[in-house]
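In mature numbering (1 follows the signal peptide of the UniProt record, and there is no 0), the protein residues as written are -24 to -1, 1 to 60.
Here it is in structure tokens:
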């Protein structure tokens, strides 16, 4: 779960961010300005992207030699070590 779930979340949220920001620039208001609601949605999803991105960065860098706090390694039901 460590990297796969967060990688998928990161990719989905980045794509949603680009989608919101792109549609905001295509659906302009009468004055020619981008749609503010879609711009704000794109900004919020951009902020949400930062959390899985930070976790993936920390997970890749943290190990026993350079960190006191390690990311959790949950025991998932489909792990081979749990089956026996």
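Beta carbons: idealized from backbone N, C-alpha and C, even for Gly.
All figures in this text were calculated on a predicted structure; none of them were measured in a lab.
Quick check on residue 44: does DSSP put it in helix, strand or coil? coil
What is the residue span of the alpha helix (DSSP H) that residue 4 lies within? Taken as a continuous stretch (DSSP letters only), residue 4 belongs to no alpha helix (DSSP H), as it is neither H nor E.
Terminal residues of the continuous alpha helix (DSSP H) containing residue 9? Here residue 9 belongs to no alpha helix (DSSP H), and DSSP marks it neither H nor E.
Would you report the Cα separation of residue 44 and residue -14, rounded to the nearest angstrom? 29 Å
Classification of residue 4 by the beta-carbon crowding that lies within 10 angstroms, buried from 16 upward: exposed
Do three or more CB pairs link the region -18 to -3 to the region 18 to 27 at distances below 8 Å? yes
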